[in-house]
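Asks: Shown below is the structure under consideration.
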Amino acid sequence: MTLLDKKFFGSLQASYSRLTPGEKLVAEYLSANLQVAAFMTCSELGKASGVSETTVIRLAGTLGYSGYSELKKAMQKLVRKSLSTSDQLDSTIRNIGQAGYLNEIYELDQQNLSQTFYLNSTQDIEQAVTMMCRAGKLIIAGLGLSTGVVRFLSGRLRRIKKDVIEINATGHVLVEKMAMATGEDLLIAFSFPSYSKDMPKVFRHMKEELGGKTMLISDSRVGETQRFADLVLLAVSDSLAFTNSMVAPFMLANMLSVGVALQNQEGSLEQLRKNQLLADTLGHSFSSFKGDGFDEK
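Going by the working numbering, the sequence shown opens with residue 120, and the numbers climb by one from there.
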């Protein structure tokens, strides 16, 4: 049983003695049929349990949730963590159907963006930007789904003259690139399920062996890697199907790249001019940061 399992079912068990008879029926149904119940509407769960919709809502409040919607999200998160990727896709198809998935994904990603925005204070973002500006080299790491956002952030920072080392693989590639790190550098890692077993070791090496700074962008403040992070930024990556949504991590990467450029506007503009001049000389196009607020007026 995972930590999430224990937390959810532990809450049910701890609250059981003070539940009303109707609430107990719902709790018992959830315990026996969680994979199905997680995708039911409040009305459907009430009918399946033999109680009213109001009773279901009351149970959600008793368990510490703001309403049934929050309880439903918690149940779905628990179910997705326990299923294989093929099972998750099958569950999504059966419970949402092909007709409704577009709105479901749109609404969930909106929630991911909103929650991510409010989970990270302005001070957190400003601290992250300052750490990036003061660092020697930026070592940006991420595996699996995170490689896309790593390439995005690395590419934008290179355009404004930041020395960036990009790590998107393990083994000898990881070793060779980390060998270039010094205590003047900043290690930034994107870490989402399934988590890399190498990342805690890399962070520990950066902190304890090199004395460098570390920043983690993840879906949780708790974990082995987090112990060695000077700063943790949260990005909600909830998804309906078989992979995490990376919409919110991309938003954070965009914020950080723009923040770095704004904190060093003169240097950023000068580098962009050089890039454009070289591109013109070579006959290539070069897309700058136009529209991000720090291009020349």
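Glycine included, every Cβ here is placed at the ideal spot set by N, Cα and C.
(1) Could you check whether L131 and A146 sit closer than 7 Å to each other, using their CB atoms as the reference points?
(2) Cutting at 7 Å between CB atoms, please list the residues of its own chain near L276, excluding the five before and the five after it.
(3) State the Cα-Cα distance for the pair T174 and D243, rounded to the nearest angstrom.
(4) In chain order, what residues of the same chain lie with their CB nearer than 8 Å to the CB of Q390, ignoring the 5 residues before and after it?
(5) Compare the C-alpha of G302 against each of K143, R323 and R392 and name the closest.
(6) Which class does E147 belong to by DSSP, given the choice of helix, strand or coil?
(7) Tell me, please, which residues DSSP counts as bridged to V268.
(8) Might you give, ordered along the chain, the residues of its own chain that have their beta carbon closer than 6 Å to the beta carbon of K296, omitting 5 neighbours on each side?
(9) Cβ of M365 within 7 Å of Cβ of L238?
(10) Which same chain residues, not among the five before or five after G186, have their C-beta less than 7 Å away from its C-beta?
(11) Between the alpha carbons of M325 and Q234, how many angstroms are there, rounded?
(12) Which residue's Cα is closest to the Cα of S339: S310, F347 and A133?
(13) DSSP puts E245 in a beta bridge; with which residues?
(14) Looking at I307: is its Cβ nearer than 7 Å to the Cβ of I259?
(15) Quick check: what's the CA-CA separation for M134 versus L149?
(16) Please state whether the Cβ-Cβ distance between L329 and M250 is less than 7 Å.
(17) Buried or exposed for K332, going by 16 or more other Cβ atoms inside 10 Å?
(18) Whole angstroms are fine: how far does the CA of M334 sit from the CA of L350?
(19) Shortest alpha-carbon distance to M374 belongs to which of T139, V198 and L272?
Replies: Reading off the structure:
(1) yes
(2) L257, V283, S376 and V379
(3) 40 Å
(4) R278, I279 and K280
(5) R323
(6) helix
(7) None, per the DSSP bridge assignment.
(8) I284 and I286
(9) no
(10) I176 and A179
(11) 30 Å
(12) S310
(13) Its beta-bridge partners do not exist; DSSP assigns none.
(14) yes
(15) With the sequence shown as reference, residue 134 is identified as Ser, and Met is not the correct amino acid for it. Distance between the alpha carbons of S134 and L149 is about 14 Å.
(16) no
(17) buried
(18) 5 Å
(19) L272
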